[in-house]
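Visitor: Handing you a structure now.
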């Protein structure tokens, strides 16, 4: 399976472990990535709000480069913000001919052009769970993540908005990463804040507001006794990891939850050494979590619970106990 | 041609005359169209005076054909056919041109309107001259009626018919009649007990001499036509011999197997493998559930058989079949409730104390799983605060765009019950409060006075992710309060989701079985949304209650009675006229290819094995013409829609572009394009 690869700026800087772990797992998963030559920043979450034409041209340049490269049809990115920007530009250029014209006028200055729909824009996790598939992943698991309680955190940018096609999953309550982590053998937290915003760059603009959003996420993961939060977005990881100590200082809390990428968890389950997955580069150390893998004895399946005579509780939908 | 055609153009007040030059049109038709001997315009053709005008002309001028240019044939074709018949002219020698619905109501361009009006009139004038005299046939109506679905609509319809002295077969697929109403505790806005008003009617049904109650049964096959339907009913094996069973209930008591009751208790309570849904069930006989019975699973147990004092248990029982002939059918198959786990952000199925409206009905019911106590999922703790979320799956383009009609009132009723039985505070999250019936708005005001809180805004989510200590251990409902313009987070102990009413999952299959149609959403389609709400496009098949659309108990009962009245009308008349506009197969031309057999939407075509040709049952045929168009041998012709008639009509429509097409003089300059 060959895909165009747009890593985005974070993967070379704040999210270096994401890039390292992605490279480490694509081989075993049978994914072939071909990096877009001479790609540039997508403008992240802010630029589109400041100057639309320039922002679309900035993103359009990456689409044009990818589309002109060796008959690439699918462009993947591991970053939620890049994913949204690339997808949005492709979709709006197709929907609004005026925007396509303006963007292409700007691209023409560099001898480039892009026709909407030439590329299918996908997130890395989409190809992992849908093209590779859970069964193929399960076959490669050599070190199941038994004993780990993981909170899957999707972030807000990958879930919405809807762009003219079938959505990856439910906006409000996606479950594909839940299933992936369960496939790797982990105990998955039903994380109620899985699609809430981490604040993006709010820590720089209004740190109080940013810290509140981060605190909400850490608090709930902690309440759920999560050993780690698993993300698929460099921005989310940065906020929850790098700002965890700020949040602790600010709110006089004591959270200590490592925040890792789903690619690192796949790598761990595939038996790849933590160091080769960039583990150790995080602010909140994941060493304790890594040590925990497989330590707890496998809990035998509990016997089919039976209702006691004096049990007054009402049946829970979907989880039936017969008496 | 030797026909004398009369053309009548209706003004319809200003409905038609406001756009079309009606005088000019009548004059033009009289001067230019071949065969037209009388051409008039009149203010209201449908008035008595307008009708008399046509009758006089038929008698005095010797008209042999009549064309009226007015509204849609849906409205007044019958009127003008009757006028012709009154004057001694066969009613099928009349043709109607829809000047209002197809022209004046849909354009503001007067010139184009005049052009199209001339084309429609020319088409009708040409066609009518080739129309033939047709005679409707008359068939007797069997006075027995089949009612499908034993909810309150079916109960009402059955009792109306039975009390009038006619026999009814009432089919219900569950072990008891009663439907959703039997699950409820109180009914809005009067708060009378649902069981107290329903069970007398149920027991009337059970004991009525004129009602054959077929519970735990389903309709397998339907064939025939109005007045004369053949129906096959499958009575599911209940493994209980009804003739021996006294309904004592010892079998239920002794049965060792308990399972969650997903139907009557809405998943909130338990029942045994041998069960009767509720104490007042009609009929009183329990049934053994094949799926969960230990004997059928493991081959041993038979506790019920051991203890039955009358030996009424029969594990060898098989499904039995009953063939009936009935004259009319009333479908009262009811509705389902939206499956709330489709909206994961409301947490149903994940968060224990999120309940559906139907679960809550059962909880409130004194005969329900909690004996009427309002408690959390643990079965003991009384809630201190309750949130009620409206429009769950209704008024939401992701699920159902429509309003479910009953939920606002049911939510108010729940609010009242919670405050009556507990000390809890109740907050309703609504989009718009809809209380448009007798006594309903007053009930809303009563709840405001009783202290129920109202937040105007669709709830965004129900979460257990607390942010502040006062939210710890609570369910938090987040919503934008659109009256305050603020986001609100309200911590509560219990959430009730007011699920949408939806068509039964198998509504489309049932519609197909009875030859009626469904709306896009799956509700059964009535013949006319305003003027014929309980009939369907299939004669002899009527609909009532929530199978037709979401409605409350009073509306459901009204429709049940209305459908019964329609059936009584048919029975009283004793015979029914069958439209002669049907297709017929020329047996000499038919190759027996059977292409038409499956195309017929009314299942009117059967294959005669002995002659190796297809045959159309005139009583079932609606004259839609599908088979006529599909027949590769052109062996099928549709009465009133022969090829000659259609071609002639098209020729008339194109009078100004095709020479010698019935117009005496060259047409005025025209840009008419028939697209």
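Residue numbers (my numbering), protein chains in the order written: chain Y, 186 to 508; chain B, 70 to 744. From the three backbone atoms N, C-alpha and C, an ideal C-beta is built for every residue, glycine too. Just so it is clear, the structure is predicted and the values come from calculations on it, not from any experiment.
Can you confirm whether residue 495 of chain Y, when its beta carbon is compared against all beta carbons of chain B, has any partner nearer than 7 Å?
Guide: no
Visitor: Between residue 337 of chain B and chain Y, is the shortest Cβ-Cβ distance under 7 Å, so that the two count as touching?
Guide: yes
Visitor: Give the DSSP-derived three-state secondary structure of residue 587 of chain B in the structure shown.
Guide: If DSSP states are grouped into helix, strand and coil, residue 587 of chain B belongs with the strands.
Visitor: In angstroms, rounded to a whole number, what distance separates the CA positions of residue 420 of chain Y and residue 215 of chain Y?
Guide: 27 Å
Visitor: Consult DSSP for residue 392 of chain B and reduce its assignment to one of helix, strand or coil.
Guide: In this structure, DSSP gives residue 392 of chain B an extended state, which the three-state scheme calls strand.
Visitor: Check whether chain B comes within 7 Å of residue 521 of chain Y, counting only Cβ atoms and requiring the distance to be less than that.
Guide: Since the displayed chain Y opens at 186 and closes at 508, residue 521 of chain Y lies outside it and no answer follows.
Visitor: Could you check how far apart the C-beta atoms of residue 425 of chain Y and residue 383 of chain Y are, in whole angstroms? I think they sit under 8 Å.
Guide: Contact holds; Cβ gap of about 6 Å.
Visitor: Run the proximity test for residue 583 of chain B: is its beta-carbon closer than 6 Å to any non-hydrogen atom belonging to the ligand ATP?
Guide: By its list of ligands, the structure shown contains no ligand whatsoever, and the ligand ATP lies outside what it can speak to.
Visitor: DSSP three-state call for residue 419 of chain B: helix, strand or coil?
Guide: coil
Visitor: Let me know if residue 186 of chain Y comes out buried or exposed under the rule of 16 or more other beta-carbons within 10 Å of its beta-carbon.
Guide: exposed
Visitor: Reducing DSSP to helix, strand and coil, say where residue 482 of chain Y ends up.
Guide: In this prediction, residue 482 of chain Y has a pLDDT of 49, which is less than 50 and means its spatial position is unreliable; what the coordinates show is noted afterwards. Coil.
Visitor: I'd like to know if residue 534 of chain B contacts chain Y, where contact means its C-beta is closer than 7 Å to some C-beta of that chain.
Guide: yes
Visitor: Report the residue ranges of all beta strand (DSSP E) runs contained in full by the region 242-327 of chain Y; include only those spanning at least 3 residues, in chain order.
Guide: 259-262, 305-308
Visitor: Give a yes or no on whether the minimum CB-CB distance between residue 491 of chain Y and chain B is below 7 Å.
Guide: no
Visitor: Roughly how many angstroms separate the alpha carbons of residue 109 of chain B and residue 293 of chain B, rounded to a whole number?
Guide: One C-alpha to the other measures close to 45 Å.
Visitor: Flag residue 347 of chain Y as yes if its beta-carbon sits less than 7 Å from any beta-carbon of chain B, otherwise no.
Guide: no
Visitor: State the start and end residues of the unbroken alpha helix (DSSP H) segment that holds residue 181 of chain B.
Guide: 179-197
Visitor: Under DSSP, the alpha helix (DSSP H) around residue 268 of chain B begins and ends at which residues?
Guide: Looking at the DSSP string, the run of the alpha helix (DSSP H) that includes residue 268 of chain B is 263-276.
Visitor: Let me know the secondary structure DSSP gives residue 362 of chain B once reduced to three states.
Guide: coil
Visitor: For residue 289 of chain Y, which residues in the same chain have their Cβ closer than 6 Å to its Cβ, ignoring the five residues on either side in sequence?
Guide: Around residue 289 of chain Y: 298.
Visitor: Would you kindly work out how many angstroms separate the C-alpha atoms of residue 237 of chain Y and residue 246 of chain Y, rounded to a whole number?
Guide: So the two alpha carbons sit approximately 14 Å from each other.
Visitor: Looking at the structure shown, is residue 577 of chain B part of a helix, part of a strand, or coil, going by DSSP?
Guide: For residue 577 of chain B, the secondary structure class from DSSP, reduced to helix, strand or coil, is helix.
Visitor: So, does the CB of residue 137 of chain B fall closer than 7 Å to a CB anywhere in chain Y?
Guide: no
Visitor: Which chain C residues sit within Cβ distance under 8 Å of residue 393 of chain Y?
Guide: Of the chains in the structure shown, none is chain C; the protein chains are Y and B.
Visitor: DSSP three-state label for residue 236 of chain Y, please.
Guide: Residue state, collapsed to three classes: coil.
Visitor: What would DSSP say about residue 410 of chain B, mapped onto helix, strand or coil?
Guide: helix
Visitor: Do you know offhand how far residue 179 of chain B's Cα is from residue 87 of chain B's?
Guide: Just so you know, the alpha carbons of residue 179 of chain B and residue 87 of chain B end up roughly 9 Å apart.
Visitor: Under 7 Å, do residue 337 of chain B and residue 422 of chain B count as touching if we go by C-beta distance?
Guide: no
Visitor: Using a Cβ-Cβ cut-off of 7 Å, state whether residue 358 of chain Y counts as contacting chain B.
Guide: yes
Visitor: From which residue to which residue does the beta strand (DSSP E) around residue 147 of chain B run?
Guide: Run containing residue 147 of chain B: none in the beta strand (DSSP E); it sits in the alpha helix (DSSP H), 142-155.
Visitor: Excluding the 5 residues preceding and the 5 following residue 708 of chain B in the sequence, name in chain order all residues of the same chain whose CB lies nearer than 8 Å to its CB.
Guide: 201, 203, 649, 650, 651, 652, 653, 692
Visitor: Note down, one range per segment and in chain order, each beta strand (DSSP E) of at least 3 residues found wholly within the region 433-499 of chain B.
Guide: Listed in chain order, the beta strand (DSSP E) runs fully inside the region 433-499 of chain B are 454-461, 494-499, counting runs of at least 3 residues.
Visitor: I need the DSSP call for residue 436 of chain Y, collapsed to helix, strand or coil.
Guide: helix
Visitor: If you follow the beta strand (DSSP E) that residue 667 of chain B is in, where does it begin and where does it stop?
Guide: Where residue 667 of chain B is concerned, there is no enclosing beta strand (DSSP E), although the alpha helix (DSSP H) it sits in stretches over 664-668.
Visitor: Does residue 234 of chain B get closer than 7 Å to chain Y when you measure Cβ to Cβ?
Guide: no
Visitor: Going straight from the alpha carbon of residue 432 of chain B to that of residue 449 of chain B, what length do you get?
Guide: Straight through space, the alpha carbons of residue 449 of chain B and residue 432 of chain B are spaced by roughly 12 Å.
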